[in-house]
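Residue numbers (the UniProt record's numbering): 1 to 205. The beta-carbon is built from N, C-alpha and C at its ideal position, and this holds for glycine as well. Have a look at the structure below, then the notes.
Here it is, written out as structure tokens:
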């Protein structure tokens, strides 16, 4: 039986997934185009039909994963529960999603910071988008809870940055443990993440 035809979308997905796996194993700097195409089972020519360079493949992966995470957060925190429960649900969904994709975690949290100017700028923009997601969710919460204080973009960005640092410490990038063994590490941060968000929202300074 002939192998099923791979669509351009599936090839692109296979390439970004292969990059994530390679980066989780050996780091971005040590990952080569040859590594990526070997794992994705395509030729270098096929790689360059989709991406101009390794950095472009990384940014495509990063953007896709972060878009997915933001959708997960919005869905989990947009129910009819009281606002404190929405915070808890959104945090649990985000941390839980990260634990289901360990191969992508190192890329998203560590490697993208040193993968070139384009990747760095995308990371900065994406952190702003995560902050904007939090601002939007708070505004929705204020419709049913007028006593909930509004959240500025700067405050939300500080929260996002704090959460990001907690995640980095949890996976200990200096030991390379971001690849396979993250089970339970992010879930253990749930209480601290919820307390951080709640502290900012409840502060009346």
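### Query
Should the region 104 to 113 be called in touch with the region 19 to 30, which here means at least 3 C-beta pairs below 8 angstroms?
yes
#### Entry: Spatial neighbours of residue 60 in its chain, beta-carbon cut-off 6 angstroms, leaving aside the 5 residues before and after
16
#### Entry: Rounded C-alpha distance that separates residue 141 from residue 148
7 angstroms
### Query
Relative to the alpha-carbon of residue 197, which residue among 157, 13 and 74 has its alpha-carbon at the smallest distance?
157
#### Entry: Cβ shell of residue 194 (< 7 angstroms), same chain only, five flanking positions each side left out
87, 88 and 91
### DSSP three-state assignment for residue 198, whether helix, strand or coil
helix
#### Entry: Closer than 8 angstroms to chain B by CB, residue 90
As a matter of chain content, chain B is missing from the structure shown, which is built from one protein chain.
### Query
Is DSSP giving residue 132 helix, strand or coil here?
helix
### Query
Taking 7 angstroms as the cut-off, does the CB of residue 164 come closer than this to any heavy atom belonging to the ligand NAP?
Of ligands this structure carries none, so the ligand NAP is not represented either.
### Query
With distances taken from CA atoms, which of 71, 103, 164 and 50 is nearest residue 18?
103
### Query
Thinking C-alpha only, which one of 146, 189, 72 and 121 is nearest residue 168?
189
### Message
If I measure Cβ to Cβ from residue 138 and keep anything under 6 angstroms in the same chain, skipping five residues before and after, which residues do I get?
### Response
151
### Task
Grab me the residues of residue 47's own chain with a C-beta within less than 7 angstroms of its C-beta, minus the 5 sequence neighbours each way, in chain order.
15, 33, 36 and 37
### Task
Spatial neighbours of residue 125 within its chain, please: CB distance less than 7 angstroms, with the 5 preceding and 5 following residues excluded, ordered by chain position.
none
### Straight-line Cα distance separating residue 123 from residue 44
27 angstroms
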